[in-house]
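Heads up, the thing below is written out as structure tokens.
In full-length UniProt numbering, the protein residues as written are 1 to 384.
As structure tokens, then:
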């Protein structure tokens, strides 16, 4: 969403003069470079997120983990962002900010922007809370977070994002045509833009920061507890040692027999906790990437909507478009920092790749057999 578009609409609404900022007739080299970068981001996001969604659909193992439901919902919102929002935006930029489509496509572009981007943010919040519950309530998590409840939460996330996306159509906008002078505008008021930035970006950022700090505190407490237990076990084992020259010492044997099943359970539990910690670490990276990618644009957008005169600068369009591209980069990076590092997703990716390779090999083999069969028939016909 260009800040210039919002400024232009504000100008149209308050006066009868043309838009304050008219984009130049020729696309500058910078915007050509930016568009090429955005095309690469689109390809990365489409391939990465499609693989995540497809893997979840075909793999039964992935569907056993409730966390993956939230990850797939995040991937779907990123697919919408890259497939619909970014493609329209790149075309719009390359056409020197001249809209080549009709009102319906313009409305679809603006609505999908207001739906897909916030849904990605709220889905990320859901993933963060899910990871917190895994660590905070490990014994009750399976009964607390069932697949049905996860689907219900995901539906609520999308309904929330849809509500904010549809508000402009319910009347919270400037009542002017969405296409003015061959340009597609976001006809949203400054009050709407500020509210959406706060509700769909700033508050979720604060929310994720709170839960991530709680997750970090749980991880630190667990590590301290593990160190204490390891110290106690080594101390008790040393004390229970017995030495005898004439008799068979069974004290240590009995102790080891009693501790063996406990040690196995403890080892299995430790592995599970380590896997959960590893998953949380990658979710933490995704949250940090979200902050890095979207905070610059949200900050600039808030300044622009609070103080319209503050954006009357030639550099603001460049900053705005750069920050939007940085935000879109988040959709391309998400699958590479959690699903592609998850063991189950990796196994699913390998299985899919093996099937694709085997299918392609069988196709090649089938073609070769057909060629050989045709060659044999030709030989037979010539012989006759």
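The beta carbon of each residue, even a glycine, is placed where N, CA and C say it ideally should be.
Sort 82, 87 and 197 by Cα distance to residue 303 and report the nearest one.
Here residue 303 refers to the residue found at position 303 of the chain shown. Of 82, 87 and 197, the residue nearest in Cα terms is 197.
Could you check what DSSP says for residue 42 in three-state terms: helix, strand or coil?
Within the chain shown, numbered from 1, the residue matching residue 42 stands at position 42. Shown here, residue 42 sits in a helix according to DSSP, grouped into three states.
DSSP three-state call for residue 184: helix, strand or coil?
As a working mapping, residue 184 is identified with position 184 in the chain shown. Three-state DSSP puts residue 184 in a strand.
Alpha-carbon to alpha-carbon, residue 358 and residue 386
In the structure as shown, the chain starts at 1 and stops at 384, and residue 386 therefore has no counterpart that could be examined.
I'd like to check one pair, residue 187 with residue 174: are the Cβ atoms closer than 7 Å?
Within the chain shown, numbered from 1, the residue matching residue 174 stands at position 174. Within the chain shown, numbered from 1, the residue matching residue 187 stands at position 187. Between residue 174 and residue 187, the gap from beta carbon to beta carbon is short of 7 Å.
According to the Cβ coordinates, are residue 147 and residue 66 closer than 7 Å?
Residue numbering aside, residue 147 sits at position 147 when the chain shown is read from its first letter. Residue numbering aside, residue 66 sits at position 66 when the chain shown is read from its first letter. Yes, they are a contact pair.
Looking only at its chain, what residues have a beta carbon closer than 7 Å to the beta carbon of residue 37, apart from the 5 residues adjacent to it on each side?
Walking along the chain shown from the start, residue 37 turns up at place 37. Excluding positions up to five away in sequence, the list reads 325.
When the Cα atoms are used, what is the spatial distance from residue 164 to residue 201?
For the purposes of this step, residue 164 is taken as the residue at position 164 of the chain shown. For the purposes of this step, residue 201 is taken as the residue at position 201 of the chain shown. The C-alpha of residue 201 is placed about 12 Å away from the C-alpha of residue 164.
Secondary structure, alpha helix (DSSP H): runs of 4+ residues fully inside the segment 141-170:
Annotation note: the segment 141-170 contains the following uninterrupted alpha helix (DSSP H) runs of length 4 or greater, listed N- to C-terminal: 141-144 and 147-166.
On the criterion of 16 or more Cβ atoms from any shown chain inside 10 Å, does residue 223 qualify as buried, or is it exposed?
The residue you call residue 223 lines up with position 223 of the chain shown. If you draw a 10 Å sphere on the C-beta of residue 223, you find fewer than 16 other C-beta atoms in it, and that means exposed.
Considering only the beta carbon of each residue, do residue 68 and residue 56 sit closer than 7 Å?
Position 68 of the chain shown, counted from the first residue, corresponds to residue 68. Position 56 of the chain shown, counted from the first residue, corresponds to residue 56. Going by C-beta atoms, residue 68 is nearer than 7 Å to residue 56.
Assuming the contact rule is C-beta atoms closer than 8 Å, residue 434 and residue 356 should be a hit. Round their C-beta distance to whole Å, please.
The structure shown does not extend to residue 434, since the chain is modelled only from 1 through 384, so no value can be given for it.
With C-beta atoms as the reference, is residue 44 less than 7 Å away from residue 85?
Along the chain shown, read from residue 1 onward, the residue named residue 44 stands at position 44. Along the chain shown, read from residue 1 onward, the residue named residue 85 stands at position 85. Not in contact: residue 44 and residue 85 (Cβ atoms no closer than 7 Å).
Indicate whether residue 42 and residue 82 have their beta-carbon atoms separated by less than 7 Å.
The count along the chain shown starts at 1 and reaches residue 42 at position 42. The count along the chain shown starts at 1 and reaches residue 82 at position 82. In contact: residue 42 and residue 82 (Cβ atoms closer than 7 Å).
Could you check if residue 390 is buried or exposed, using at least 16 other CB atoms within 10 Å of its CB as the buried criterion?
Outside the shown range of the chain (1 to 384) lies residue 390, about which nothing can therefore be said.
Residue 178 (DSSP reduced to helix, strand or coil)
Locating residue 178 in the chain shown gives position 178, where the first residue counts as 1. Coil.
In this structure, how does DSSP classify residue 101 when only helix, strand and coil are distinguished?
Within the chain shown, the letter at position 101 stands for residue 101. DSSP places residue 101 in coil when its eight states are reduced to three.
What residue range does the alpha helix (DSSP H) around residue 72 cover?
For the purposes of this step, residue 72 is taken as the residue at position 72 of the chain shown. DSSP places residue 72 in the uninterrupted alpha helix (DSSP H) bounded by 66-80.
Let me see if you follow: with CB-CB separation under 7 Å, is residue 113 close to chain B or not?
No chain B is present in this structure, which holds just one protein chain.
When you compare only the Cα positions, how much space is there between residue 140 and residue 287?
For the purposes of this step, residue 140 is taken as the residue at position 140 of the chain shown. For the purposes of this step, residue 287 is taken as the residue at position 287 of the chain shown. If you draw a straight line from the Cα of residue 140 to the Cα of residue 287, it comes to about 25 Å.
Go through its chain and collect everything with a Cβ distance to residue 114's Cβ below 6 Å, but skip five positions before and after it.
To locate residue 114, count along the chain shown from 1; it is residue 114. Contacts found: 165.
On a Cα-Cα basis, can you pick out the residue from 52, 319, 301 and 143 that is closest to residue 34?
What you label residue 34 is simply residue 34 of the chain shown in a count that begins at 1. Comparing Cα positions, the closest option is 319.
Alpha-carbon to alpha-carbon, residue 179 and residue 103
Taking the first residue of the chain shown as 1, we reach residue 103 at position 103. Taking the first residue of the chain shown as 1, we reach residue 179 at position 179. In this model, residue 103 and residue 179 are separated by some 7 Å (Cα to Cα).
Go ahead and label residue 90 buried or exposed: buried means 16 or more other beta carbons lie within 10 angstroms of its beta carbon, across all protein chains shown.
As a working mapping, residue 90 is identified with position 90 in the chain shown. Looking at its Cβ environment, which holds 16 or more other Cβ atoms inside 10 Å, residue 90 is buried.
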